[in-house]
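Below is one structure, written out as structure tokens; the observations come after it.
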Amino acid sequence: PHSIKEGSIIKPHIHWIPKSNEAGKTVRWGMAYSFANIGALFPVETTIYVDAVTNNNADTHLVGYFPDISLSAMKISSILIIKVFRNSSSGFDTYTDDAYLLEFDLHIEKNTIGSREVLTK
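Written as structure tokens, this is what we have:
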């Protein structure tokens, strides 16, 4: 978004629910991403993980926080490509039932309402 503070960090996280009552188990979510400014090539993706712990209540809205991402080279109109997935084959994923992804979002730092020009702050 044009309101983001250039060079700031973003805080990705997921909202999800467990299908069954299995307290203290872990669901491993992954996020693969790459970003590029206008005119730049997209580099090889980086993958980060969050190991989200279940409670004992099926269908409870839970949140899992990925590590912050620094976009120090980001400029206005750069694009971030994201793939979110469950890594159930990982040894860190101990939850045996389905986990449902409700939503994925990013919290950002803003320093303007938008940009003053199409491609500049």
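For the sequence shown, counting from 1, position 66 maps to 73 in the working numbering; every step adds exactly one. Even glycine gets a Cβ: it sits at the ideal position worked out from N, Cα and C. Quick caveat: nothing in here was measured; it's all calculated off a predicted structure.
For Thr53, the uninterrupted beta strand (DSSP E) run begins and ends at Thr53 to Val60, by DSSP. With respect to Pro25, Ile89 sits apart: the two C-beta atoms are not nearer than 9 Å.
Excluding the 5 residues flanking it on each side, Glu29 has same chain C-beta neighbours closer than 8 Å at Thr61, Asn63, Tyr102, Thr103 and Asp104, in chain order.
As the crow flies, the alpha-carbon of Leu109 is around 5 Å from that of His22. Proximity to Leu113 across Val51, Ile17 and Ser85 peaks at Ile17, based on C-alpha coordinates.
For Leu108, the enclosing beta strand (DSSP E) stretches over residues Ala106 to Ile115.
Listed in chain order, the non-local C-beta contacts of Asn118 below 7 Å within the same chain comprise Lys12, local neighbours out to five positions each way being set aside. Comparing alpha carbon positions, the residue from Arg93, Ser84, Thr33 and Ser15 closest to Ile45 is Ser84. Counted as a single uninterrupted DSSP element, the stretch harbouring Pro50 is not any beta strand (DSSP E), since DSSP gives it neither H nor E.
Sequence-distant partners of Ser79 (beyond 5 residues in either direction) whose C-beta falls short of 6 Å from its own C-beta, in its chain, are Gly14.
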